[in-house]
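Asker: Protein chains in written order, with this note's numbering: chain A, 1153 to 1423; chain B, 17 to 333.
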Amino acid sequence: MRSDAAHRSPPGLKIAAGLGLAFLHLPILLIFVYAFTTEERSYQWPPPGFTARWLAVTWNRPDVWEALALSVKVASISTVIALVLGTLCAAAVSGSRFFGREAISLLVILPIALPGIITGIALRSAFSLAEIPFSFWTIVLGHATFCVVVVYNNAIARFRRTSGSLMEASMDLGADAFQTFRYVILPNIGTALLAGGMLAFALSFDEVIVTTFTAGQQQTLPIWMLEELVRPRQRPVTNVVAMVVVLVTFLPILAAYYLTRDGDQVAGGGK
Amino acid sequence: MTMVAAADPIRPGRGGFFGALSDVLWRNPRLTLFLMLTPPLLWLGIIYLGSLFALLLQSFFSIDEYSGLIRREFTLSTYAELLNRANIDIIVRTLVMSASVTVGAAIVAFPIAYFAARYARGKWKALFYLGIMLPLWSSYLVKVYAWKLILAREGILNWLFAKLHLTWLLDAWLAIPVVGGNSLSVSHTGTFLVFLYVWLPYMILPVQAALERVPGNLVEASADLGASPRQTFSNVLLPLALPGVIAGSIFTFSLTMGDYIIPQIVGTSRRFIGQAVYAHQGTAGNIPLAAAFTVVPIVVMGFYLWFAKRRGAFDAL
């Protein structure tokens, strides 16, 4: 029995919420405008003119392509590792009660809860103590560690909604554990894993703080970006790369949203 | 299950390697659990916890001032160095910035979260959700870069102030010591704005989750009993949303405290903890002092999490 007035929001609230959303989105939109500016030396506003020339210039830059390729490779392998570890952990924690269960959830979340710089410097000093040289795999080691939590959060939410009797029924009907996994469990948790995997990919693709400690001389795309931010060389190219990165990260987020929107949360916990 | 497994099997065991393996796993749930947990625990335990302990251990070593080599014997001298005047300044500056960003984020986030939780329906609900998720997940560096464009001297914000004939206001603000500076991009105000922008979604989500659980009729009852909107807010809404605000503040506080990129790109030359850690481990090669510095965020977050757990903030996550 709610009155109509209760459904209508106070105008002040509407304005504050609208301004807040504008604050969140206008800076990102600005990136799209700057990608087409003709100004090369400064961040002049309003742009003196518009051109698509820098798209072509960026396309022909080998350093951008190399950084992009490394980022995609690192993100793919880290995502695969995180998918395996995160799913195993979620299945174990949701399927049974045992001593130290709480401690395990804490351990999984810790790499995200503590500032990234701590993970980064801890890994770096461990590498130097163990005399491991920087390589592709040192980057993956760091990335997979903090990607586990994203997969874990998505998988555990789905496991909680999947009834254990489904698995028992499958086994009673003669399927072995592997067939049950293939034909019963996997179809049930598939979309949650896909969503978790996409978010893990986006997280790894974007990571810079841990990467600066574990990459050595290699350049992932965020490290390339950071170099340009600290010591700008060709500003228009940076503008175009920034725009492309925004577009590329939006796609997995939208896909993950559509895959999990029926009921459970998408990202869980935050980065 | 174990009862059935312990009795004689009704049917003969499954043939083949995978069949037999499957039977063994089903009969020994503890073994299955052990096999499932070993890979993730080994990975996180060795790679993550192992390096973390190695780092903390090194904070009890010290650096030889003349040779620049690390002396591997137990000492508290590095912690004594951590507590000298310049380093305390860095720690206090970082904590004050983290607290201001957290308060700012809570104020900006509340209306968005409240509107999304209580008034947005159907299509608008989805729009608000994506409107918060997209900035949350879009590239951190691109967001920082966008603010470099905005705060630049020739950038959009200065242009806007000039168009509105408000440049005098901006100049007056920048003339204030501590928060001001030569221009927005080299002032603590600029650093604050970028931090606020980058971590805001982390505050909105838990506050919204907490507000979703507040029954609408509670707010109506409060109004029916004669409370003004202000009283309803401070006596009904805020106490119920507080666990959400605390949960969000864990993120905004922790992320601000550990960041070293934002103050490096937008801000003054005065250092934050993250920058100090980065500088000490890098060119200076003083790993013990860098390690001692990282203990500060760990200890602060430890207390923070303990406090948050007592206030029930984890149920709001």
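The beta-carbon is built from N, C-alpha and C at its ideal position, and this holds for glycine as well.
Since we're looking at a predicted model, the values are computed, not measured.
If contact is defined by three or more beta carbon pairs under 8 Å, each pair taking one atom from either stretch, is the segment 275 to 286 of chain B in contact with the segment 55 to 66 of chain B?
Answerer: With the cut-off at 8 Å, the segment 55 to 66 of chain B and the segment 275 to 286 of chain B do not touch.
Asker: Are any of the Cβ atoms in chain A nearer than 8 Å to that of residue 226 of chain B?
Answerer: By one-based count along the second sequence, residue 226 of chain B stands at place 210. So no, residue 226 of chain B is outside the interface.
Asker: Report all residues from its chain with a CB closer than 7 Å to the CB of residue 1350 of chain A; omit the five preceding and five following residues, and keep chain order.
Answerer: Translated into the one-based positions of the first sequence, residue 1350 of chain A becomes position 198. If we look at residue 1350 of chain A and ignore the five residues flanking it on each side, its Cβ neighbours are 1404, 1407, 1408.
Asker: Quick one: using the 10 Å Cβ neighbour count with 16 as the cut-off for buried, is residue 229 of chain B buried or exposed?
Answerer: As a working note, residue 229 of chain B is residue 213 in the second sequence. When all chains shown are included, residue 229 of chain B counts as exposed.
Asker: Which first and last residues belong to the alpha helix (DSSP H) in which residue 346 of chain B is found?
Answerer: It is not possible to answer for residue 346 of chain B, since the shown part of chain B is limited to 17 through 333.
Asker: Looking only at C-alpha atoms, which of A:1301, A:1358, A:1327, A:1384 sits nearest to residue 1234 of chain A?
Answerer: Walking along the first sequence from the start, residue 1234 of chain A turns up at place 82. Closest option to residue 1234 of chain A, Cα to Cα, is A:1301.
Asker: Quick one: residues in its chain with C-beta nearer than 6 Å to the C-beta of residue 1422 of chain A, no 5 flanking neighbours on either side, listed in chain order?
Answerer: Locating residue 1422 of chain A in the first sequence gives position 270, counting from the first residue. Because the pLDDT at residue 1422 of chain A is just 35, under 50, the model does not fix this residue reliably, and the value given afterwards should be weighed accordingly. Excluding positions up to five away in sequence, the list is empty.
Asker: Could you check what DSSP says for residue 323 of chain B in three-state terms: helix, strand or coil?
Answerer: Position 307 of the second sequence holds residue 323 of chain B. Helix.
Asker: Got a sec: which bits of the segment 216 to 245 of chain B sit with their beta carbon under 9 Å from any beta carbon on chain A, in order along the chain?
Answerer: So the close ones are 216, 217, 218, 220, 221, 222, 225, 232, 233, 235, 236, 239, 245.
Asker: Pull up the DSSP beta-bridge partners for residue 1189 of chain A, would you.
Answerer: Taking the first residue of the first sequence as position 1, residue 1189 of chain A is located at position 37. Looking at the DSSP assignment, residue 1189 of chain A forms a beta bridge with A:1202.
Asker: Report yes or no: is there a C-beta of chain A within less than 8 Å of the C-beta of residue 316 of chain B?
Answerer: Residue mapping note: residue 316 of chain B aligns to position 300 of the second sequence, counting from 1. Taking Cβ atoms only, chain A never reaches closer than 8 Å to residue 316 of chain B, which makes this a no.
Asker: Could you name the residues of the segment 1305 to 1316 of chain A whose beta carbon sits closer than 8 Å to any beta carbon of chain B, in the order they occur along the chain?
Answerer: So nothing in the stretch comes that close.
Asker: Does the beta-carbon distance from residue 75 of chain B to residue 94 of chain B come in below 8 Å?
Answerer: Counting from 1 along the second sequence, the entry for residue 75 of chain B is found at position 59. Counting from 1 along the second sequence, the entry for residue 94 of chain B is found at position 78. Closer than 8 Å, so yes.
Asker: Report all residues from its chain with a CB closer than 6 Å to the CB of residue 79 of chain B; omit the five preceding and five following residues, and keep chain order.
Answerer: For this step, residue 79 of chain B is matched to residue 63 along the second sequence. Around residue 79 of chain B: 86, 302, 304.
Asker: Can you check whether the CB of residue 1265 of chain A is closer than 8 Å to the CB of residue 1307 of chain A?
Answerer: Sequence index remark: in the first sequence, residue 1307 of chain A carries index 155 (1-based). Sequence index remark: in the first sequence, residue 1265 of chain A carries index 113 (1-based). No, they are not a contact pair.
Asker: Spell out a yes or no on whether the segment 1282 to 1293 of chain A and the segment 28 to 40 of chain B are touching, meaning 3 or more CB-CB pairs, one atom from each, closer than 8 Å.
Answerer: Segments in contact, no.
Asker: Please give the ranges of any alpha helix (DSSP H) in the segment 1247 to 1303 of chain A, keeping only runs that are unbroken, at least 4 residues long and fully inside the region.
Answerer: Correct list: 1253 to 1265, 1268 to 1281.
Asker: Check residue 1387 of chain A in the structure and name its three-state DSSP category.
Answerer: The sequence position of residue 1387 of chain A within the first sequence is 235, counting from 1. Note: residue 1387 of chain A maps to helix in three-state DSSP.
Asker: Along the chain, where does the alpha helix (DSSP H) containing residue 269 of chain B start, and where does it finish?
Answerer: If you number the second sequence from 1, residue 269 of chain B lands on position 253. Run containing residue 269 of chain B: 254 to 274, per the alpha helix (DSSP H) assignment.
Asker: Could you tell me the distance, in whole angstroms, from the CA atom of residue 1362 of chain A to the CA atom of residue 242 of chain B?
Answerer: Position 210 of the first sequence holds residue 1362 of chain A. Position 226 of the second sequence holds residue 242 of chain B. In a straight line, the C-alpha of residue 1362 of chain A is about 54 Å away from that of residue 242 of chain B.
Asker: For residue 1319 of chain A, return the contacting residues in chain B, with the cut-off set at a CB-CB distance below 8 Å.
Answerer: As a first step, residue 1319 of chain A must be located in the first sequence, where it is residue number 167. Those within 8 Å of residue 1319 of chain A in chain B number zero; the least Cβ separation is about 10 Å.
Asker: Let me see if you follow: with CB-CB separation under 8 Å, is residue 1291 of chain A close to chain B or not?
Answerer: The residue given as residue 1291 of chain A occupies position 139 in the first sequence. So, not an interface residue.
Asker: Using 8 Å as the limit for Cβ to Cβ distance, is residue 67 of chain B near chain A?
Answerer: Residue 67 of chain B sits at position 51 when you count from the first residue of the second sequence. Interface residue, yes.
Asker: With the cut-off set at 8 Å, would you say residue 130 of chain B and residue 1355 of chain A are in Cβ contact?
Answerer: Here residue 130 of chain B refers to the residue found at position 114 when the second sequence is read from its first residue. Here residue 1355 of chain A refers to the residue found at position 203 when the first sequence is read from its first residue. No, the Cβ-Cβ distance between residue 130 of chain B and residue 1355 of chain A is not below 8 Å.
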